[in-house]
Ligand SMILES: *[C@@H]1O[C@H](CO)[C@@H](O)[C@H](O)[C@H]1NC(C)=O
Ligand SMILES: *[C@@H]1O[C@H](CO)[C@@H](O)[C@H](O)[C@H]1NC(C)=O
Ligand SMILES: *[C@@H]1O[C@H](CO)[C@@H](O)[C@H](O)[C@H]1NC(C)=O
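Numbering (the numbering used here), first residue to last: 269 to 677.
Now the structure itself:
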């Protein structure tokens with residue numbers, strides 16, 4: 269297993285204490301590493317579908333009891349992911365954690381060579397902790413000091429010390445859950461209904477950020493350049509047009525996550541008839557559409573499913589026929605050009621494909637539309653648009669970046 273994409277930069281803004289009156293919004297930007305788990309690429313579609321099933325099944329908020337995961341959850345390990353470096357304890361042990369907007373829990377122990385270490389700041393709460401979705405884990409809850417760097421230190425953060433995991437084989441040690449707090453409902457043994465403060469809650473309650481806002485920037489793979497995540501605000505050096513927000517969808521289960529309503533068209537072909545609800549998710553690799561919408565997209569592009577990669581593909585000489593794929597969200601349209609709709613060509617063989625074809629990053633969610641969870645705009649979407657996860661104002665924002673219309677692939 270190899271992790272590609274090694275270039276990244278840190279940009280730190282003053283902390284709340286250093287420049288209390290200079291910056292109205294307190295925010296701190298951290299480097300974001302993009303990982304590609306080549307060992308998983310051959311099953312990227314299955315991995316994404318399994319994660320989608322887990323996310324759809326998980327809702328439990330509002331009195332519904334958490335369902336156990338199906339066996340397919342073992343395959344939810346994402347093939348493409350974002351990671352950040354985190355120190356835990358005093359003295360701190362270093363961990364590489366996957367940044368997951370589809371989870372609220374933070375835990376370590378995915379890599380048995382780098383398990384949770386008890387130090388002077390560790391406190392065993394005596395509760396057991398379980399989580400499904402991004403793979404599954406179970407273990408013990410601790411509270412401990414968690415340091416994201418650049419002054420983003422949280423004391424007594426809830427951390428799961430996993431002693432059993434499945435579905436993880438990336439180059440990371442656990443998950444940094446940056447999803448909504450409600451997603452932690454019932455993850456501790458003490459009660460079906462209790463929640464756990466997320467790291468974003470901890471940063472806010474301890475005065476490190478003023479608002480629960482995360483801005484994520486990650487350029488397309490072919491650009492081989494740095495990404496970053498901003499806690500507490502947005503980093504306007506990373507987007508070009510205005511930021512446009514939409515409220516988190518009221519439709520469940522999408523609304524338990526960073527869910528939005530959107531209408532999709534391909535060229536002038538309607539893929540969805542009217543708006544449907546789904547989620548934006550940093551832990552899903554592809555862009556997944558409900559099976560009927562996926563079929564409409566396949567027909568409109570003329571692509572067929574490749575038996576090796578399970579992805580839609582076209583002979584490369586038909587690439588020029590690919591039309592823009594449009595996501596109408598709120599009153600804005602976010603467009604993926606042809607190169608944004610296909611898998612990086614240099615990684616075709618890693619995927620199990622060949623150089624004579626192009627492979628599409630639009631995949632099948634595996635369920636028909638109408639479930640209240642009809643798409644996932646994953647990593648391949650977020651590579652083209654700056655994305656803002658704003659829990660404080662229950663909204664999601666998008667903006668173009670200098671790479672939105674890039675023809676690099
Ligand atoms: C794993 O953690 C659970 C929950 O705290 C605990 O009950 C169990 O004994 C632990 N197992 C091992 C092998 O440490
Ligand atoms: C597991 O952690 C060890 C020690 O930090 C590290 O050398 C190794 O590369 C890690 N493996 C994976 C798969 O993350
Ligand atoms: C999203 O779509 C649903 C279903 O059509 C609708 O009820 C809701 O008002 C829309 N907007 C939001 C923000 O949920």
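Note that CB positions come from ideal geometry on N, CA and C, so glycine has one too.
Small disclaimer: the values here were computed from a predicted structure and weren't measured.
Going by DSSP, residue 666 is part of no alpha helix (DSSP H) but of the beta strand (DSSP E) stretching over 663-668.
Among the bridge pairs identified by DSSP, residue 299 is matched with 496. When the beta-carbon positions are compared, residue 577 and residue 620 come within less than 8 Å of each other.
Between ligand 3 and the CB of residue 529, the shortest heavy atom gap is smaller than 7 Å. Rounded to the nearest angstrom, the gap between the Cα atoms of residue 470 and residue 525 is 19 Å.
One thing to note: residue 674 has its Cβ no nearer than 8 Å to the Cβ of residue 479. Checking the DSSP bridge columns, you'll see residue 430 partnered with 407.
In this structure, the C-beta of residue 545 approaches ligand 3 to less than 7 Å from one of its heavy atoms.
Between the alpha carbons of residue 358 and residue 386 lies a distance of about 9 Å.
An exposed status is given to residue 391, since fewer than 16 other beta-carbon atoms sit within 10 Å of its beta-carbon. With fewer than 16 other Cβ atoms from the protein chains shown falling within 10 Å of its own Cβ, residue 589 counts as exposed. Pairing residue 591 with residue 602, the inter-Cα distance amounts to about 14 Å. Under DSSP, residue 534 shares a beta bridge with 537 and 593. For residue 423, same chain residues with a beta-carbon under 6 Å away, outside a window of 5 residues either side, are 413 in chain order. In terms of side-chain proximity, the C-beta atom of residue 517 is found nearer than 7 Å to a non-hydrogen atom of ligand 3.
According to the DSSP assignment, residue 609 belongs to the alpha helix (DSSP H) that extends over 606-609.
Residue pairing from DSSP leaves residue 418 without any beta-bridge partner. The beta-carbon separation of residue 376 and residue 442, rounded to 4 Å, stays under the 8 Å limit for a contact. Put simply, of 585, 586, 609 and 492 the residue whose alpha carbon is nearest the alpha carbon of residue 594 is 609. Residue 321 is not a Cβ neighbour of residue 527, given a cutoff of 8 Å. Under the three-state reduction of DSSP, residue 385 is assigned to coil, being neither helix nor strand.
Shown here, residue 474 sits in coil according to DSSP, grouped into three states, outside any helix or strand. Residue 651 and residue 502 have their C-alpha atoms roughly 16 Å apart.
Across the structure, residue 475 and residue 500 are spaced so that their CA atoms are roughly 10 Å apart.
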